[in-house]
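Visitor:
Structure, rendered in structure tokens:
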């Protein structure tokens, strides 16, 4: 697949005139343009592809509808050669809640290779996007996907080609950037909706862990990396773009200390009583979110959670899908190996484990 690069002039613009739809309310150049009249444009910066895969990958892929009325669907990746029942990784793509698709070529390539490397089935969720569907729409869609899986487990999934190969006792939630935020908030919302009974809510599914890759969180107070980390012109995320995504995604009137954006803010869900599963957090050294991700890891550790984190040296936000440099490819393989280890249960028994991928 050809290298995918975000435009070098990624920027935030307000009040720009457009003859067709009037005034632009919010814009991230090359990615999204939201007009005051409600119209939204998303340039096709990344091509969408069908579910077909090269035979040499050893993975087959198909799309399945979850909710046709809300256009929620999933792309499944299933290793062709397998032994016994495979764990299932429920994956949410990134894009600041506002752009992205399970059909984007970069995700299709990455998740097919991850399924082969980690020997797991991957269910990549195509959820509703903001600003047309602000949060909590994406969280609701994540919960709907889990409830759909629950029904497949209860009825035996006879109508789905992949269900004979999955183990509904080995379910993992994962995502990158905004998708990691979705995975995290799906778990906390399940807990809050059911008085700490997330396990019972999705029974017979059994969640085994959460994998957060460069999780997209924010806050009104800036971290050191947000203020001072110098980003390359082709960075997938800068501070202005991050702020724009949050303005488009959060409910009207909310600021970046809303619990969905800042789980460590005063009034947010208490970490001690939520997220009862082992967690792995993948952090990029050159990502403006680095310090915020490290703060989350530290808070989870203090709350007694079983958490490990991986620091990927020399790479930035979304490197695993957007960069084709040799270093990024090496780090991507290392991340896949760490995910494989987390899923297979080979992680350290210590409560907190740190890995620096150098």
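Residue numbers (the UniProt record's numbering): 1 to 358.
Each residue gets a CB set at the ideal place from its N, CA and C atoms; glycine is no exception.
1. Give the C-beta separation of residue 365 and residue 327 to the nearest angstrom, bearing in mind that I take them to be a contact with Cβ-Cβ under 8 Å.
2. Does the separation of the CB atoms of residue 319 and residue 183 fall below 8 Å?
3. For residue 342, collect the residues of the same chain with a Cβ closer than 7 Å to its Cβ; drop the 5 residues on either side in sequence, then sort them by chain order.
4. May I ask you to report which of helix, strand or coil DSSP gives residue 291?
5. Under the DSSP definition of a beta bridge, which residues are partnered with residue 73?
6. Where residue 321 and residue 283 are concerned, what is the direct C-alpha to C-alpha distance, given to the nearest angstrom?
7. Over the uninterrupted alpha helix (DSSP H) stretch that includes residue 246, give me the two end residues.
8. Where does the unbroken alpha helix (DSSP H) through residue 359 begin, and where does it stop?
9. Using the Cα positions of residue 138 and residue 96, report the straight-line distance between them to the nearest angstrom.
10. Any idea what DSSP makes of residue 79, helix, strand or coil?
11. Considering just the uninterrupted stretch of the beta strand (DSSP E) at residue 170, what are its terminal residues?
12. Leaving out five residues on either side along the sequence, give the residues of the same chain with a beta carbon under 8 Å from the beta carbon of residue 219.
13. Does the distance from the CB of residue 57 to the CB of residue 145 come in under 8 Å?
14. Around the C-beta of residue 33, are 16 or more other C-beta atoms found within 10 angstroms, so that it is buried, or is it exposed?
15. Along the chain, which unbroken stretches of the beta strand (DSSP E) at least 3 residues long are found entirely within the stretch 291-328?
16. Would you list the one or two residues that DSSP bridges to residue 60?
Guide: On the basis of the data shown:
1. What is shown of the chain runs 1 to 358, which leaves residue 365 out entirely.
2. no
3. By the criterion of a C-beta distance shorter than 7 Å, residue 342 is surrounded in its chain by 209, 211 and 280, once the five residues flanking it on both sides are discounted.
4. helix
5. 65 and 126
6. 14 Å
7. Residue range 239-249 is occupied by the alpha helix (DSSP H) that includes residue 246.
8. Any property of residue 359 remains undetermined from this structure, which presents the chain solely from 1 to 358.
9. 11 Å
10. The answer is strand: DSSP assigns residue 79 an E or B state.
11. 166-176
12. 256, 257, 261, 262, 264, 265 and 292
13. no
14. buried
15. Qualifying beta strand (DSSP E) stretches, in chain order: 307-312.
16. 78
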